[in-house]
Each structure stands twice: as C-alpha cells, then as structure tokens.
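Residues in the sequence shown are numbered consecutively from 207, following the working numbering.
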Amino acid sequence: MNGQPLVRPAAVAGTFYPADATQLRRNVEQLLAQGEPHTLPSPQALIVPHAGYRYSGTTAATAYRQLEKCAGDINRVILLGPAHRVYVEGMAVPSSSRFATPLGEVPLDQAGIARALALSGTASNDEAHRQEHALEVQLPFLQCILGDFSLLPIVVGQCPVAGVAALIDTLWTGPGVLLVVSSDLSHFQPYDSATRHDRSSCQRILNGEHDLKGSDACGAGPINGLLASHRGSRLQRRLLAYCNSGDTGGDRQRVVGYGAFSLH
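Here it is as structure tokens:
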C-alpha cells in the first residue's frame with residue numbers, strides 16, 4: 207500500500223445520495239433546514255433511517271438536527287447497522303483506515319476497532335462493508351454536522367442480542383462519543399398496514415423492549431442491542447419523526463417505514 211491508508215470508497219454515491227460534493231452538501235443542508243427542531247437534551251444515541259435521501263432524508267435530518275447544539279462536544283461516532291448485501295455471522299468491522307464520501311474521508315477509530323475485535327463474535331470483514339449502504343448514507347449528515355470526528359463502523363449480522371449489547375457496553379464509553387443505529391422499519395407492506403405495524407414497533411422501542419424482529423425493523427439486531435445495553439436501557443427515548451416511502455413519493459402498495467429516535 208506504499209504507506210497509504212486503506213480507504214473504503216463510497217459505494218452508493220449517485221444512487222442513495224448525490225455524487226457531486228457541492229450538490230450533496232447543499233442537499234444535506236436543505237434536509238437539515240426542513241427537519242423539525244426539538245428542545246430536548248443533547249442525545250447520547252440516535253436511531254436513524256437509511257433509505258435514499260429523497261425517501262427518508264427529512265426524517266434522518268430531524269435526528270441529526272438534535273446534534274446542532276452539542277456538535278462541538280462529539281469527537282467519536284460508533285455506527286451500527288444491519289447487513290443487507292452479504293450474510294454476516296456475528297458482527298463485522300473493516301480493515302480500512304478511512305471511509306470516503308464525496309465530502310471527504312472519515313478516519314476510523316483504530317483503537318475502537320481493536321477493542322471490538324477482542325470480543326467474541328466480532329471479526330474483520332471488508333466484504334460486509336464494501337457495498338453496505340446502511341452505514342454509508344449516515345456519513346454525509348455526520349460530516350456536515352460534526353466536521354472532524356473518528357468513526358467506528360460495525361455491521362451487525364446474525365448474533366444474539368446479548369452479544370450486541372456487550373459490544374455496545376464495551377465500546378460506548380468516555381466523553382464525546384455518540385452512538386448511531388441505522389435502521390428502517392417495516393418493509394413492503396401496503397400503506398395502512400405498514401403504518402399500523404410501524405406504530406406498534408415505535409411504541410415498543412419507546413418502551414425499551416429489545417425483542418424486535420427483522421420484519422419490524424431491518425436493523426432489529428443493533429436496535430435490540432442498544433436497548434438491552436446497560437447504558438442504553440437507562441436513557442430516555444423520544445420518537446422525533448415518522449413517515450414511510452408512501453409519504454415521500456414511493457409506491458403506496460409497497461412502502462418502507464422510517465423512524466427517527468433520540469436517546470438522552
């Protein structure tokens with residue numbers, strides 16, 4: 207590698223979000239301006255959807271607006287999301303040094319990755335990260351809001367809730383750390399049944415229940431782990447915004463649900 211850091215290039219720029227840096231920054235800033243402000247305590251964790259920005263961007267932006275007043279205090283982000291592209295047994299971290307988007311490169315938290323690899327059920331797996339959109343689509347929002355930060359990206363596959371909770375409790379320590387779980391809600395139901403399903407799932411998250419299934423949320427694994435973790439279980443939870451793809455231009459016979467939550 208000639209001493210150069212190994213960079214994971216953007217995989218979904220131009221599909222899930224704009225590939226041009228100027229257009230992307232403008233898009234994110236416009237979404238943030240549309241997001242609903244809240245007068246809540248600064249979040250310690252967020253649950254954020256990960257569809258294309260035209261579908262879930264405003265909902266995601268409502269979550270990230272909660273960081274505006276505390277952005278200067280955050281220097282490390284732990285980002286967990288589900289595996290969409292490949293089968294993953296356990297949890298996967300990359301061997302990369304940086305993740306790239308059109309807005310630049312984000313350095314990875316190498317010490318955090320080493321701590322994660324010391325845990326049972328966690329392995330280095332670049333293939334799990336190579337095409338995974340769930341983590342990537344969060345990065346431009348974080349880059350625009352936080353500026354400089356280090357990232358600990360984790361793809362959560364098939365593993366027990368207790369294992370995810372143990373990883374979160376091990377890594378989510380110290381000042382200046384934000385934890386983000388990337389997840390959509392129900393998938394491909396008609397509009398009315400999806401809304402009912404999602405309403406129930408949102409209430410279960412607010413109740414702190416940690417037995418969601420994949421049919422409730424594609425990121426059920428990391429959501430359950432967050433809510434079962436020692437720190438996550440003690441936080442207050444607030445639903446910031448909800449919609450589905452039928453509200454934002456998609457087919458109302460096959461919608462995907464999007465919820466944004468703050469834990470503070």
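We treat Cβ as the ideally placed atom computed from N, Cα and C, and that holds for glycine.
Residue nearest to residue i in terms of C-alpha spacing, selected from the options
i: Val386; options: Gly353, Gly369, Pro359 and Gly363; result: Pro359
i: Leu341; options: Leu309, Asp398, Ala217 and Ala423; result: Ala217
i: Gly353; options: Val312, Gly455, Arg437 and Ser248; result: Val312
i: His393; options: Asp404, Val383 and Leu384; result: Asp404
i: Gly431; options: Ala269, Arg232, Pro308 and Val367; result: Val367
i: Asp375; options: Asp422, Pro224, Ala434 and Gly241; result: Ala434
i: Ser451; options: Ser406, Arg443, Gly463 and Ser303; result: Gly463
i: Ala466; options: Gly456, Gly318 and Leu412; result: Leu412
i: Pro308; options: Ala219, Arg444, Leu441 and Arg458; result: Ala219
i: Ile280; options: Leu373, Arg443, Lys419 and Leu357; result: Leu357
i: Arg458; options: Gly414, Pro396, Asp422 and His416; result: Pro396
i: Cys350; options: Leu230, Cys449 and Asp422; result: Leu230
i: Val362; options: Ala306, Arg437, Tyr448 and Ile429; result: Ile429
Per DSSP, the bridge partner or partners of residue i
i: Ser388; result: Val254
i: Glu311; result: Ala306
i: His393; result: Val462
i: Val213; result: Arg304
i: Arg282; result: Ser356 and Val383
i: Tyr448; result: Gly465
Neighbour-count burial assignment, residue i, 16 or more Cβ in a 10 Å radius
i: Gly310; result: exposed
i: Ala402; result: First, the amino acid is wrong: residue 402 is Arg here, not Ala. The residue in question, Arg402, is exposed, as its Cβ has fewer than 16 Cβ neighbours within 10 Å.
i: Gly278; result: exposed
i: Pro255; result: buried
i: Thr264; result: buried
Reduced DSSP category for residue i - H, G, I as helix; E, B as strand; rest coil
i: Leu441; result: coil
i: His290; result: coil
i: Ala340; result: helix
i: Asn233; result: helix
i: Pro247; result: coil
i: Phe222; result: coil
i: His470; result: coil
i: Thr328; result: strand
Counting Cβ pairs closer than 8 Å, one from the region 388–400 and one from the region 278–295, do we hit at least three?
Result yes; three or more Cβ-Cβ pairs closer than 8 Å.
Within 8 Å, do at least three Cβ pairs link the region 324–344 to the region 256–268?
yes
Decide yes or no for the touch test of the region 231–239 against the region 265–278: beta carbon pairs closer than 8 Å, at least 3 of them.
Segments in contact, yes.
Give a yes or no on contact between the region 289–300 and the region 315–334, applying the rule of three or more CB pairs nearer than 8 Å.
yes
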